[in-house]
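*Asks:*
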Amino acid sequence: MDFLRDPITFIGNWLQSLLVGFGLAPNLAELIVTLIGAFVLGTFGLTIVLFLIWFERKAVARMQDRFGPNRLGPYGLFQSIADALKLFTKEYITPVGADKVVYNLAPILSVVAVLAIWVVIPFTATVYGSDLNVGVLYIVAVGALGTLSIIMAGWSSNNKYALLGAFRAVAQLVSYEVPMVIALLIPVLLARSMGMNSIVHAQEFWYIFLAPLAFLIFLIASIAEVGRAPFDLLEAESEIVAGFHIEYSGLKFGMFFVGEFLHAFTIAAVAATLFLGGWRGPGVEAFPILGIVYFFLKTFIVYFIVVWVRGTFPRVRIDQMLDFCWKFLTPLALVLLMVIAIQDKLVEGWPPILYALSMLATNIVIALATIQILRTYARRERLRVSGERPVATSSETDFQRLIAQE
Amino acid sequence: MTPLEVIFLLTAGVTLGAAVMVVTVRNLIHAALWLILTLFGVAVLFVLLNADFFAVVQVVIYIGAISILMIFAIMLTRRVMQDSGPQFNQGWWLAGLISLGLFAGIAWMFSAWENFHMQAPPMAVDADPLRQLGEALVSPNAYVLPFELASVLLLAALVGSIIIAWEKR
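Chains as they are written, first to last, in the numbering used here: chain W, 1 to 406; chain Y, 1001 to 1169.
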């Protein structure tokens, strides 16, 4: 019965008692079980990418009125495996003048930085890598390593396009970290904890209902952090060929590819954990294993939105990208954080349903005000664009003088 | 030797080795990358001391912000500022002597301290160091004044940098 309710914890405990039964020290047995768990988690993360690639190609193809992969296996499911095998057989090319150590370290770091986030994500109430009490901050810290891998790749390739891609990467990733961190603070503030599992426990009402704006800001900022369309300036094909990974070939390119897809899925998982109640769902108290189903259901819903955005939005220009971050997302996130912090104190002690409703109302008011400000701005901008254009003219006297000089 | 001590010695060795590489390596980008390894080693030391928050903040600020800014600045220079001149000047033995003396002095002071061999008391099971830190930062009998002063200083720096970068019309 215990096995059915929570099989993963059960297997872990069983394995540990088995190892202790063999005469191993309890500490050592725990270490071995932890290492096995880490291995399973890492392997899972890397293999799900094969499925994600298929999912994304299929979804984007449908949006663009195509079939997508449909030859290999049912619905083309094995296409990614074939692609991966092809990547394995490709030649590794190291450009002349590349910094070899840094060049080879960058792809590894890009995957590690993403996989490390999965450490703190709770799959069910009992299945998680580690319940750090600084989980949310840990996600931000690990994200910094991802930025580092892109810079290392761009610089060590000894290629001007790669370097330009790295410059854009720094501008974009460092900027979008600001609204992302502020948006992450809101669930922390509502749950009174930075541990991912405690935040899930605290979500009587999903935080997407209490703070829908924070969810939107987080989603937009993290899509920019991943660097996918519409924020794929780091690898804009029409401008800088392929950006930071232009010189990489074979499996090293594959690592960047895996890193990007897994990162997109990871932000979906983080969003599902922080805003959609993670593993919460009906019947989870009795059968904790159901949490995995709910968790992945929510994650794939968010992941589908990420793919949807990628399939439908055009790429933004670099000035629009920076303006959007610093003049729109950051002020909005700051206002939202302050208002929610104050309101949280004002309505403290209200019944949970009223508390949630008042938070929702505040969010709606802020959203309406934002839209009104944007509308005023857009009207002014339209007037400016449609009005007199400055043309290079010279007055009559200037013209006369020019003629006289001639 | 407990496993914790082994990990500590390994981390300390890597941190010190990387720190030596920072000052001896000729390529500036490599120096910055070794610096990142050094800072990461310090973060691991924080983890060993059960100070998770400081470990994570160390990574966010020193690796995520400062080191990346440094690498960015280096990348903007031509030929990564490689120079082939001598790395030591005439005062190198003096600097070495002073730092050795300083290290010996600090080590002697610590060994003379009566609590030097004391084991760290185990943490209470339900203790939440993060919550205690947060409350201490805003509590009037603890660190609210330094905390607010630091905030004002950072805000002033922020406003100053915006004014410097302001485009005059």
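Cβ atoms here follow ideal geometry from the backbone N, Cα and C, with glycine treated the same way.
Please report the straight-line C-alpha distance between VAL1044/Y and VAL1057/Y, rounded to a whole angstrom.
*Replies:* Taking the straight line from one Cα to the other gives about 12 Å.
*Asks:* Is the CB of THR299/W under 8 Å away from at least one CB in chain Y?
*Replies:* By this cut-off, THR299/W is not an interface position.
*Asks:* Could you tell me if LEU374/W is buried or exposed, where buried requires 16 or more neighbouring beta carbons within 10 angstroms of its beta carbon?
*Replies:* Exposed, since its Cβ has fewer than 16 Cβ neighbours within 10 Å.
*Asks:* In whole angstroms, give me the CA-to-CA distance for ALA113/W and GLY143/W.
*Replies:* Near 7 Å, if we compare the C-alpha coordinates of GLY143/W and ALA113/W.
*Asks:* By the 10 Å Cβ neighbour count, where 16 or more other Cβ atoms means buried, how is ASN159/W classified, buried or exposed?
*Replies:* Under this definition ASN159/W is a buried residue.
*Asks:* With DSSP as the reference, label THR362/W as helix, strand or coil.
*Replies:* Helix.
*Asks:* Put GLN16/W into one of helix, strand or coil per three-state DSSP.
*Replies:* Of the three classes helix, strand and coil, the one that applies to GLN16/W here is helix, per DSSP.
*Asks:* Can you find a C-beta in chain W that's less than 8 Å from the C-beta of GLY1041/Y?
*Replies:* Taking Cβ atoms only, chain W never reaches closer than 8 Å to GLY1041/Y, which makes this a no.
*Asks:* Considering only their Cβ atoms, is the gap separating ALA59/W from PHE494/W smaller than 8 Å?
*Replies:* Absent from the model: residue 494/W. The displayed extent of chain W is 1 to 406, so no value can be given.
*Asks:* Are any of the Cβ atoms in chain Y nearer than 8 Å to that of TYR161/W?
*Replies:* Chain Y, which has no Cβ nearer than 8 Å to the Cβ of TYR161/W, makes this no.
*Asks:* Considering only the beta carbon of each residue, do TYR103/W and ASN197/W sit closer than 8 Å?
*Replies:* No, these two residues do not count as a Cβ contact at 8 Å.
*Asks:* Under 8 Å between the Cβ atoms of LEU31/W and GLY250/W?
*Replies:* Against a cut-off of 8 Å, the Cβ pair of GLY250/W and LEU31/W comes out as no contact.
*Asks:* Do we get a CB-CB distance below 8 Å when we pair TRP350/W with the residues of chain Y?
*Replies:* Not an interface residue.
*Asks:* Alpha carbon to alpha carbon, what distance is there between MET1075/Y and LEU1028/Y?
*Replies:* Approximately 9 Å between the Cα atoms of the pair.
*Asks:* From LEU50/W to HIS263/W, what distance separates their C-alpha atoms?
*Replies:* Their backbone Cα atoms lie some 13 Å apart in a straight line.
*Asks:* What are the complete alpha helix (DSSP H) segments, minimum 4 residues, inside the region 70-144 of chain W?
*Replies:* Fully enclosed alpha helix (DSSP H) runs of 4 or longer: 79-89, 100-115.
*Asks:* Whole angstroms is fine: what's the gap from ILE341/W's alpha carbon to GLN79/W's?
*Replies:* Note that residue 341/W corresponds to Ala in the displayed sequence, not to Ile. Cα to Cα, ALA341/W sits roughly 49 Å from GLN79/W.
*Asks:* Report the residue from ASN70/W, TYR138/W, LEU163/W, LEU137/W whose alpha carbon sits nearest the alpha carbon of SER149/W.
*Replies:* Closest option to SER149/W, Cα to Cα, is LEU163/W.
*Asks:* Over what stretch of residues does the alpha helix (DSSP H) that includes MET1021/Y continue unbroken?
*Replies:* Run containing MET1021/Y: 1003-1024, per the alpha helix (DSSP H) assignment.
*Asks:* Let me know the alpha helix (DSSP H) ranges lying completely inside the region 289-342 of chain W, each 4 residues or longer, listed in chain order.
*Replies:* Qualifying alpha helix (DSSP H) stretches, in chain order: 290-312, 318-323.
*Asks:* Based on Cα-Cα distance, which residue from ASP83/W, ARG315/W, ASN363/W, ILE318/W lies nearest to ALA333/W?
*Replies:* Taking only the C-alpha atoms, the option nearest ALA333/W is ASN363/W.
*Asks:* Can you name the start and end residues of the alpha helix (DSSP H) that ASN1034/Y belongs to?
*Replies:* Inspection of the sequence shows that residue 1034/Y is occupied by Trp rather than by Asn. Element bounds for TRP1034/Y: 1028-1048.
*Asks:* Hey, could you find the ends of the alpha helix (DSSP H) VAL40/W is sitting in?
*Replies:* Start and end: 26-63.
*Asks:* Given 8 Å as the limit, is there contact between the region 257-274 of chain W and the region 208-226 of chain W, that is, 3 or more CB pairs closer than that?
*Replies:* The region 257-274 of chain W vs the region 208-226 of chain W: in contact.
*Asks:* So, GLY278/W versus PHE295/W, is the Cβ gap smaller than 8 Å?
*Replies:* Contact flag set, yes.
*Asks:* Roughly how many angstroms lie between the CA atoms of LEU290/W and THR124/W, to the nearest whole one?
*Replies:* Roughly 8 Å between the two C-alpha positions.
*Asks:* Taking 8 Å as the threshold (C-beta atoms), are ALA369/W and ARG310/W in contact?
*Replies:* Cβ atoms of ARG310/W and ALA369/W: not closer than 8 Å.
*Asks:* Closer than 8 Å, Cβ to any Cβ of chain Y: which residues of the region 194-212 of chain W, in chain order?
*Replies:* Going along the region 194-212 of chain W in chain order, one finds MET194 with a Cβ nearer than 8 Å to chain Y.
*Asks:* Tell me whether the region 1028-1038 of chain Y and the region 1005-1018 of chain Y touch, counting them as touching only if at least three CB pairs, one residue from each stretch, are closer than 8 Å.
*Replies:* With a cut-off of 8 Å, the region 1005-1018 of chain Y and the region 1028-1038 of chain Y count as touching, because enough Cβ pairs lie within range.
*Asks:* When you compare the CB positions of ALA98/W and GLU260/W, do they come within less than 8 Å of one another, or not?
*Replies:* No, the Cβ-Cβ distance between ALA98/W and GLU260/W is not below 8 Å.
*Asks:* Should MET321/W and ALA211/W be called a contact, given that it needs their Cβ atoms to be closer than 8 Å?
*Replies:* No. Outside cutoff.
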